[in-house]
Amino acid sequence: MSVCPQDPSKQHPGHAMLYEHHSNQSGDSNNVLMHGLGQWRLTRLFHDLVFLPAISLLDQEKLRPVRLWHDQMFAKPARHGGVVAWHQDYSYWTRTKPMMHLTVHIALDDQTLENGGLHFIPGSHRWHRDGKPLPVTDFNFKDMESIKTILTEDEVADFKPVPSLLKKGEASFHHPLTVHGSYNNRTDYPRRATVVNYFADGTLSNTDEPLLEGTNLIKRDCKVEGQFYPLVFDPEWAREK
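Count along the sequence shown from 1, then add 1; that gives the number in the working numbering.
Next comes the structure, spelled out in C-alpha cells:
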C-alpha cells in the first residue's frame with residue numbers, strides 16, 4: 002500500500018512546532034528547494050545556535066540589544082536542487098518596523114558555483130522605492146529573472162552577482178536590503194544551509210495578525226518581544242558581571 006506524502010505518521014514528531022515548512026517550495030520536481038522556519042524550537046542544536054556568542058556578539062555591533070526574529074533551513078538535494086530567486090529579506094518582513102534587521106547565513110556544506118552557493122549583488126542595500134524595499138516578485142523563490150522586471154536601468158546595469166563561496170561552518174552577514182539569491186545544485190551532493198535572522202530590541206509589530214504562524218498576536222505598534230522573540234544579547238549583561 003502506498004503512503005501519502007502528507008501522512009502525519011511520516012512527519013517529524015515536532016512538525017507542528019515549525020512556523021512554516023515546504024518540502025519543495027518551488028513546486029517543480031526538477032528544482033527542489035526544502036525550506037522551513039522554526040528549527041530552533043525543535044532541536045537543542047538549532048536552539049543553541051541562535052544564542053551562539055560568536056553570532057550574537059557580532060550582531061550587537063550593529064543592532065544592540067538584539068532579539069531573535071526567526072531561523073530558517075534551506076536544503077537543495079543532489080542533482081535537482083532548486084534556486085532561491087533574487088530578493089531582499091526585508092521585502093518579506095514589512096510586518097515589522099522600523100528596519101533594524103540583520104541576516105546570518107551559515108553554510109552546512111561547502112558552497113560552490115556548481116552546487117547553488119549564495120550570491121550577493123554588491124551595492125544593492127541602497128536599492129529601495131521611496132524608503133520601502135523592492136516588491137516581492139516570486140513568493141516561491143523559483144524565478145531568477147523576475148526581479149529584473151522591477152529594477153531601474155541603473156540597477157540592471159549594476160546587477161553583477163558575486164559568489165560568497167562559503168566553506169562548511171563559515172557564515173556571512175548581510176543587510177536586510179542586500180539583494181541575494183542562489184542557483185541550482187547540479188552536483189552529486191546536497192547543499193544545505195541554516196539562516197538566523199535578528200532584529201534590534203525595540204522593533205515593533207506592523208500588522209494586525211500574528212507575526213509568525215502559531216505565535217501569539219502582538220498588536221500593531223507594540224514592541225516585538227516574549228518567548229518567540231528572545232533577547233540573545235544585551236550589553237547590560239556584561240556590565241552586571
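Note that beta-carbon positions come from the ideal geometry of N, C-alpha and C, so glycine has one too.
Residues in its own chain within less than 6 Å of residue i by CB, not counting five upstream and five downstream?
{"i": "residue 48", "result": "41"}
{"i": "residue 85", "result": "142, 182, 183"}
{"i": "residue 209", "result": "221"}
{"i": "residue 4", "result": "Per-residue confidence for residue 4 stands at a pLDDT of 32, beneath the threshold of 50, marking its modelled position as unreliable; no derived number is given."}
{"i": "residue 1", "result": "Since the displayed the chain opens at 2 and closes at 242, residue 1 lies outside it and no answer follows."}
Between the alpha carbons of residue i and residue j, how many angstroms are there, rounded?
{"i": "residue 113", "j": "residue 223", "result": "42 Å"}
{"i": "residue 160", "j": "residue 207", "result": "31 Å"}
{"i": "residue 87", "j": "residue 232", "result": "30 Å"}
{"i": "residue 205", "j": "residue 69", "result": "13 Å"}
{"i": "residue 174", "j": "residue 72", "result": "14 Å"}
{"i": "residue 272", "j": "residue 142", "result": "Lying before the first or after the last residue shown, residue 272 is absent from the chain, which here runs from 2 to 242."}
{"i": "residue 91", "j": "residue 177", "result": "5 Å"}
{"i": "residue 44", "j": "residue 35", "result": "18 Å"}
{"i": "residue 225", "j": "residue 191", "result": "36 Å"}
{"i": "residue 218", "j": "residue 171", "result": "35 Å"}
{"i": "residue 132", "j": "residue 56", "result": "28 Å"}
{"i": "residue 162", "j": "residue 145", "result": "12 Å"}
{"i": "residue 99", "j": "residue 134", "result": "12 Å"}
{"i": "residue 74", "j": "residue 46", "result": "13 Å"}
{"i": "residue 138", "j": "residue 189", "result": "30 Å"}
Helix, strand or coil for residue i? Go by DSSP, reduced to three states.
{"i": "residue 176", "result": "coil"}
{"i": "residue 189", "result": "coil"}
{"i": "residue 72", "result": "strand"}
{"i": "residue 130", "result": "strand"}
{"i": "residue 20", "result": "coil"}
{"i": "residue 234", "result": "strand"}
{"i": "residue 148", "result": "helix"}
{"i": "residue 91", "result": "helix"}
{"i": "residue 225", "result": "coil"}
{"i": "residue 140", "result": "coil"}
{"i": "residue 6", "result": "Annotation note: pLDDT 46 at residue 6 (below 50); position unreliable, coordinate value reported separately. Of the three classes helix, strand and coil, the one that applies to residue 6 here is coil, per DSSP."}
{"i": "residue 79", "result": "coil"}
{"i": "residue 183", "result": "strand"}
{"i": "residue 66", "result": "coil"}
{"i": "residue 122", "result": "coil"}
{"i": "residue 43", "result": "coil"}
{"i": "residue 54", "result": "helix"}
{"i": "residue 163", "result": "strand"}
Starting from the C-beta of residue i, find all residues in its chain whose C-beta is less than 7 Å away, skip the five residues before and the five after it, and write them out in chain order.
{"i": "residue 216", "result": "229"}
{"i": "residue 157", "result": "149"}
{"i": "residue 109", "result": "169, 193, 194, 195"}
{"i": "residue 20", "result": "38, 39, 71, 213, 214, 215"}
For chain D, check one thing: does any of its Cβ atoms lie closer than 8 Å to the Cβ of residue i?
{"i": "residue 125", "result": "Among the protein chains of the structure shown there is no chain D, as only one such chain exists."}
Could you work out which residue in the options is closest to residue i when comparing CA atoms only?
{"i": "residue 33", "options": "81, 18, 85", "result": "81"}
{"i": "residue 155", "options": "190, 129, 142, 209", "result": "129"}
{"i": "residue 76", "options": "167, 133, 104, 25", "result": "25"}
{"i": "residue 165", "options": "210, 138, 117", "result": "117"}
{"i": "residue 89", "options": "227, 126, 78", "result": "126"}
{"i": "residue 235", "options": "18, 54, 20", "result": "54"}
{"i": "residue 187", "options": "83, 209, 133", "result": "83"}
{"i": "residue 198", "options": "38, 23, 19, 28", "result": "38"}
{"i": "residue 95", "options": "163, 43, 221", "result": "221"}
{"i": "residue 111", "options": "97, 66, 167, 35", "result": "167"}
{"i": "residue 227", "options": "137, 238, 211", "result": "211"}
{"i": "residue 103", "options": "51, 147, 22", "result": "51"}
{"i": "residue 78", "options": "147, 115, 153, 139", "result": "115"}
{"i": "residue 203", "options": "74, 46, 66", "result": "66"}
Leaving out five residues before and five after residue i in sequence, what residues of the same chain have Cβ atoms less than 8 Å from its Cβ?
{"i": "residue 30", "result": "81"}
{"i": "residue 28", "result": "141, 143"}
{"i": "residue 136", "result": "92, 130, 151"}
{"i": "residue 17", "result": "215"}
**OP:** Take every Cβ of the stretch 179 to 192, pair it with every Cβ of the stretch 116 to 128, and state whether three or more of those distances are shorter than 8 Å.
**Re:** yes
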